[in-house]
Each structure stands twice: as structure tokens, then as C-alpha cells.
Amino acid sequence: MDPSQSPLPLAAVYPSSCLGRFNSAVAKCRLGQYFKLSQRGTNFTTELRAGTATFLTMAYILAVNASILSDSGATCSISDCINPSPTCRFPPAVDPGYSSCLSRARRDLIVATAAASIIGSSIMGLLANLPLALAPGMGANAYFAYSVVGFHGSGHVSYSAALAAVFLEGLLFLLLSVVGLRSRLASLIPRPVRCSSAAGIVRQSIRRPCCHPA
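So for the sequence shown, numbering that gives the first Met the number 0 puts the first residue at 0; every next one is plus one.
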């Protein structure tokens with residue numbers, strides 16, 4: 000087949016099969032017309048398989064993001080310790096009360112990660128009509144947890160203040176995207192710098208402290 004030609008939808012290849020008739024019916028309904036399945040040379044079952052593969056590829060973020068952010072201490076503080084002391088938050092003897100608070104925070108962060116991914120992916124699919132899934136980035140969260148807030152809150156910025164900064168940053172990025180400045184600013188940064196910045200963030204995260212600094 001000519002590589003310049005896009006593959007035909009499954010309904011066109013197997014018009015008499017049950018699967019083909021089902022895909023053809025979906026393509027003709029409002030759902031298929033809204034997502035332009037026929038115009039894009041695809042069908043419902045293909046998109047369903049692609050969506051499942053994308054979810055399985057990204058599902059690890061639910062656990063990893065919550066684990067990384069909980070390392071910052073989240074909303075837990077010395078007051079959550081059964082025996083409050085300056086060292087009750089840090090290994091090797093983490094206070095049971097603080098550990099219990101971290102466990103609750105980790106569960107809450109899993110729910111928050113899932114909710115953010117659902118909202119972002121739904122907006123991308125329903126409003127932008129693009130087959131892209133959105134989830135928290137694995138570089139930015141590590142920078143937030145280990146460089147900004149610090150391990151179990153050992154940094155110079157509190158968890159609540161850091162979250163407020165992230166919220167304001169999101170509003171700023173939204174404004175830049177709406178007016179079209181974000182893409183222009185990104186084009187001014189050399190490609191090698193854009194590619195290496197992510198690696199630099201990961202390298203800095205690897206060097207995170209594992210205990211209370213002396």
C-alpha cells in the first residue's frame with residue numbers, strides 16, 4: 000500500500016462484520032461526528048484500545064506522584080507527632096503520629112492526582128478535540144517536593160506557600176497561553192536548553208536529602 004495513503008477504518012475493511020457495523024454506527028452518531036472519527040481515518044474500537052494503552056502507560060503516575068509529594072510532608076507538621084520534637088519527622092525514628100499523617104496525605108494525593116488527570120484529559124478531549132492525556136509531570140513534582148519544600152518540610156518554603164505559588168503559576172501560564180505569548184516565549188529558548196532542563200531537574204531530584212540535614 001502506498002505509505003502516503005492513510006489506513007482505512009476497520010468498518011471500511013470489514014463492512015459485513017459485527018465490529019465493522021458497530022464502528023460504522025458509532026461514526027454516524029453524534030459522538031462519532033463530534034470527534035470526527037471518519038474524517039480522521041479511525042473508529043471507536045481503535046480509539047478505545049489506544050485510550051486503554053495510554054491509561055496503562057500513565058497509571059504509574061497515580062502512585063509515584065503521591066509518593067513524591069508525600070515526601071515533602073504535605074500538610075503534616077510537628078504537631079501531628081505523638082511526641083513533638085524537632086526531629087520527630089525524620090528517619091531513622093519517624094514518629095508514629097507523623098507516619099500516620101503521611102499515610103493519610105498519600106491517599107489524599109492519589110485521589111487529587113486522579114481528579115486532576117480526569118479534569119485535564121476531559122478538557123483536552125471534549126473542548127480541544129485532541130487525543131492527548133494529561134497528568135502531573137514527573138520532573139516538576141520532584142523539584143517541588145525535594146528542592147522547594149524539602150524532605151518532610153525541611154526546606155525554607157512551607158507546603159501551603161509552595162502550593163499557592165503553583166496556583167499563581169498556573170494562572171500565569173493560562174494567561175500566557177490565552178494571549179499566545181507562551182508559544183512565542185518557548186520558541187525563543189534553544190531546543191538543547193529545553194531538552195536538557197528536564198534532565199537537570201531529574202538529576203537535582205536524585206540528590207534529594209534522605210534525612211534531616213545536620
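C-beta atoms are modelled at their ideal positions from N, C-alpha and C, and glycine is treated no differently.
Residue environment: V25 is assigned as buried (16 or more neighbouring CB atoms within 10 Å of its CB, all protein chains considered). For C194, the secondary structure class from DSSP, reduced to helix, strand or coil, is helix. In the structure shown, F34 adopts coil according to DSSP, grouped into three states.
The straight-line gap separating the alpha-carbon atoms of V110 and K27 is approximately 36 Å. Straight through space, the alpha carbons of L180 and F143 are spaced by roughly 25 Å.
If you draw a straight line from the Cα of A132 to the Cα of A198, it is about 22 Å long. Counting along the chain, the unbroken alpha helix (DSSP H) around V177 starts and ends at Y158 to V178. In the DSSP annotation of this structure, R88 is not part of any alpha helix (DSSP H), being labelled neither H nor E. With respect to the 7 Å criterion, D79 and Y97 are classified as neighbours on the basis of their beta carbons. DSSP places P189 in the coil class of the three-state scheme, outside both helix and strand. 7 Å or more divides the Cβ of H151 from the Cβ of F54.
Contact between the stretch 38-46 and the stretch 120-127 is absent: fewer than 3 CB-CB pairs across the two stretches fall below 8 Å.
Annotation for R48: the continuous alpha helix (DSSP H) segment containing it runs F43 to M57.
In the three-state scheme derived from DSSP, where H, G and I count as helix and E and B as strand, M137 is classed as coil. DSSP, read as helix, strand or coil, puts H155 in coil. For D107, the enclosing alpha helix (DSSP H) starts and ends at P95 to L125.
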